[in-house]
Amino acid sequence: MEERLEVSDSSGLDMLEKRIEQIVGELTECREQNALMQAEITSLQSILRSCKLPVSGNEKTVSGESFSYEEKVQVRQKLIVILQRIEMELRNEMPV
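Residue numbers (the working numbering): 282 to 377.
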């Protein structure tokens, strides 16, 4: 009877150890994905910050630039929305 109990205990421990290893692996993968997402957010934020718009509101395209003022504003607004969505998704996926 004791032998049977030891076998069931060891198989239960083995299952628990395997499950713990699996969870640790998933956690490691999530951390790597999180680091990649944070790097992407940082990159997008730096792109957004470097998108300098003329203060005057001049509608003409400045020589040497390929985007008009309105196009730059639209791009900037779209980037802001994208960053906000990414941040919201990251917050929703993070356990509290």
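From the three backbone atoms N, C-alpha and C, an ideal C-beta is built for every residue, glycine too.
Legend entry - Whole-Å CB distance - Leu364 paired with Ile322, under 8 Å assumed: Sequence index remark: in the sequence shown, residue 364 carries index 83 (1-based). Sequence index remark: in the sequence shown, residue 322 carries index 41 (1-based). 7 Å between Cβ atoms; contact.
Legend entry - Contact under 8 Å by Cβ, Arg357 with Leu325: Position 76 of the sequence shown, counted from the first residue, corresponds to residue 357. Position 44 of the sequence shown, counted from the first residue, corresponds to residue 325. No; because the gap between Cβ atoms is not below 8 Å, this pair is not in contact.
Inset, instruction - Look up Gln365 in the DSSP assignment and say whether it is helix, strand or coil. - result: For the purposes of this step, residue 365 is taken as residue 84 along the sequence shown, with counting starting at 1. In the structure shown, Gln365 sits in a helix (DSSP, three-state: H, G or I).
Legend entry - Collapsed DSSP secondary structure at Ser347 in the structure displayed: Counted from its first residue, the sequence shown places residue 347 at position 66. Reduced to three states, the DSSP call for Ser347 is coil.
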